[in-house]
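K.L.:
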Amino acid sequence: MNLQEANIIKAENTTNIIDFRRNERKVKVKSKPFDALYWKPSSTLWRIINILIFALALLVSFIIPLKQSVILDPYRFFLTILIAYFIVINVIALFNSKIKAKVNHNAQLYSGLGLVLIIWDLLTTKSNALPLPFFPSFAQILQVIVEDYGTLVVSTGHSMRLLVIGFTIGTILGITTGVLIGWYRQWHYWIFPIIKIIGVVPATAWIPIVMFIFPSSFYAQIFLIVICVWFPVAFMTSSGIENLPKSYFEAARTLGAKEEFLVFKVAIPGAMPSIFTGIYTATGISFATLVVSEMIGAKAGLGWYINWAKGWSNYAKVYASIIIMAIVFSVVMAIIFKIRDRVLSWQKGLLK
């Protein structure tokens with residue numbers, strides 16, 4: 001093979017590679033991007049299975065005799081409501097593609113939840129396989145929620161009052177502190193070392209001191225929540241401001257922006273993703289601090305309710321308060337996510 005023939009073959013291979021890459025690009029353009037939210041776009045069978053599993057759970061509650069003394073009416077009512085909800089939402093999904101996608105996505109998850117309820121019922125009220133009082137049935141937990149409804153509502157309101165006040169104060173102080181140490185060198189010099197020393201100490205470690213200093217346990221608990229929220233919000237706010245590209249500020253100064261404009265219109269909005277990261281971190285820590293502080297010195301609240309029920313070995317009430325906590329705290333997180341999406345709508349594609 002001479003040099004000319006080798007060059008011709010090389011040129012043909014190069015042309016084939018170029019054509020292959022062009023075709024590959026066309027395929028990539030035509031293919032739809034993978035959506036992790038709706039990974040199973042069509043699962044009509046699972047929607048039917050979902051309803052059947054909860055119907056089976058309701059049937060089990062009727063046909064298998066009890067081994068424990070429990071009132072099943074709240075549990076059966078709960079299952080009936082769920083079955084009716086799934087039937088209605090599936091009918092609506094036939095005419096609404098967006099709801100259909102969400103129902104399809106959650107069908108297997110809800111089916112798994114129904115299986116858990118069936119197994120839980122079989123191992124507790126139907127066979128007494130799990131020892132009481134440490135493993136009450138779900139029917140007993142619902143019975144407690146119905147019977148102790150008033151106390152649970154008061155305890156939930158007390159906990160939410162503490163959380164909202166402490167979290168709001170901690171967030172405001174955290175953002176203010178973060179802006180000061182992130183923008184002003186002198187503030188950074190004096191305050192940042194304090195944050196590094198005090199901020200890393202768990203808020204619950206201050207319980208013996210704050211219980212002595214503050215006049216009532218209510219203010220002591222608010223202080224603990226403020227401390228646990230203040231540190232992550234302040235740290236992430238300062239980090240967000242310090243990591244902003246300098247070109248943002250240079251461009252604003254070129255247009256005649258003053259320092260006040262740079263802080264409130266450039267630095268703080270630019271640091272918002274970091275601020276919300278600090279808020280997410282602080283939210284989880286504040287939940288734990290709230291419950292622990294209520295267990296020690298409070299006279300009301302979900303943490304107090306758990307501690308009180310544990311003293312009487314009434315673990316059905318303990319599980320009931322834990323379920324209420326999970327629901328309430330999930331709602332709080334959902335609200336924070338909604339606020340985040342609203343404030344950072346201009347960065348929505350970068351956040352999800």
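Residue numbers (full-length UniProt numbering): 1 to 352.
Every residue, glycine too, gets a C-beta built ideally from N, C-alpha and C.
1. Would you say the stretch 76 to 87 touches the stretch 43 to 56, given that touching needs at least three Cβ pairs under 8 Å?
2. Buried or exposed: S321, going by 16 or more other Cβ atoms within 10 Å of its Cβ?
3. Is the stretch 276 to 287 close to the stretch 208 to 215, with three or more CB pairs under 8 Å?
4. What would DSSP say about T254, mapped onto helix, strand or coil?
5. Using the Cα positions of A203 and E294, report the straight-line distance between them to the nearest angstrom.
6. For R340, which residues from the same chain have a beta carbon less than 7 Å from its beta carbon, with the 5 sequence-adjacent residues on both sides left out?
7. Which residues in the same chain as I285 place their Cβ atom closer than 8 Å to its Cβ, once the five residues preceding and following it in sequence are excluded?
8. Counting only the same chain and skipping the five closest in sequence on each side, list residues whose C-beta sits under 6 Å from that of S274.
9. Under 7 Å from any heavy atom of the ligand PLP, does the C-beta of W308 make it?
10. Which runs of the beta strand (DSSP E), 3 residues or longer, sit entirely within the stretch 139 to 173?
11. In this structure, does DSSP put L66 in helix, strand or coil?
12. My output table needs one value for F337: the three-state DSSP class, helix, strand or coil.
13. In whole angstroms, what separates the C-alpha of G182 from that of M325?
14. With burial defined as no fewer than 16 other Cβ atoms inside 10 Å of the residue's Cβ, what is the status of I17: buried or exposed?
15. Hey, how far is the Cα of F95 from the Cα of T124?
16. Would the stretch 127 to 144 and the stretch 65 to 75 be scored as touching if the rule is three or more Cβ pairs under 8 Å?
17. Taking the alpha-carbon positions, what's the residue 353 to V164 distance?
18. Per DSSP, what kind of secondary structure is F218 in: helix, strand or coil?
19. Classify P245 as buried or exposed, calling it buried when 16 or more other Cβ atoms lie within 10 Å of its own Cβ.
20. Give the secondary structure of K299 by DSSP, where H, G and I count as helix, E and B as strand, and everything else as coil.
21. Would you report the Cα separation of M333 and I327, rounded to the nearest angstrom?
22. With distance defined between alpha-carbon atoms, name the residue in A316, W312, Y248 and L52 nearest to L82.
23. Check whether the stretch 295 to 314 touches the stretch 258 to 266, taking contact to mean three or more Cβ pairs, one atom from each stretch, closer than 8 Å.
P.N.:
So, from the data block:
1. They touch, by the three-pair rule.
2. Answer is buried; the Cβ neighbour count reaches 16.
3. Verdict: no, contact absent.
4. Three-state DSSP puts T254 in a helix.
5. Between the C-alpha atoms of A203 and E294 there is a straight-line separation of about 13 Å.
6. Cβ within range, chain order: F276.
7. The beta carbon of I285 sits closer than 8 Å to those of A203, C228, V229 and P232, all from its chain and outside the five residues before and after it, given in chain order.
8. So the list reads M236, S239 and G240, once near-sequence residues are dropped.
9. The ligand PLP is not part of this structure, which contains no ligands at all.
10. Here no run is fully enclosed.
11. In the structure shown, L66 sits in coil (DSSP, three-state: anything other than H, G, I, E or B).
12. Collapsing the DSSP output to three states places F337 in a helix.
13. G182 and M325: Cα-Cα distance of roughly 35 Å.
14. At I17, the pLDDT of 48 sits below 50, so the modelled position is not reliable; the number obtained from the coordinates is stated separately. Exposed is the call here.
15. Here the alpha carbons of T124 and F95 stand approximately 41 Å from one another.
16. Counting Cβ pairs under 8 Å, three or more are found: they touch.
17. Any question about residue 353 goes unanswered here, given that the chain covers just 1 to 352.
18. Correct three-state label for F218: helix.
19. A residue is called buried once 16 or more other Cβ atoms fall within 10 Å of its Cβ, and P245, having fewer, is exposed.
20. When DSSP states are grouped into helix, strand and coil, K299 belongs to the coil group.
21. The alpha-carbon atoms of M333 and I327 are separated by roughly 10 Å.
22. Of A316, W312, Y248 and L52, the residue nearest in Cα terms is L52.
23. No, the stretch 295 to 314 does not touch the stretch 258 to 266.
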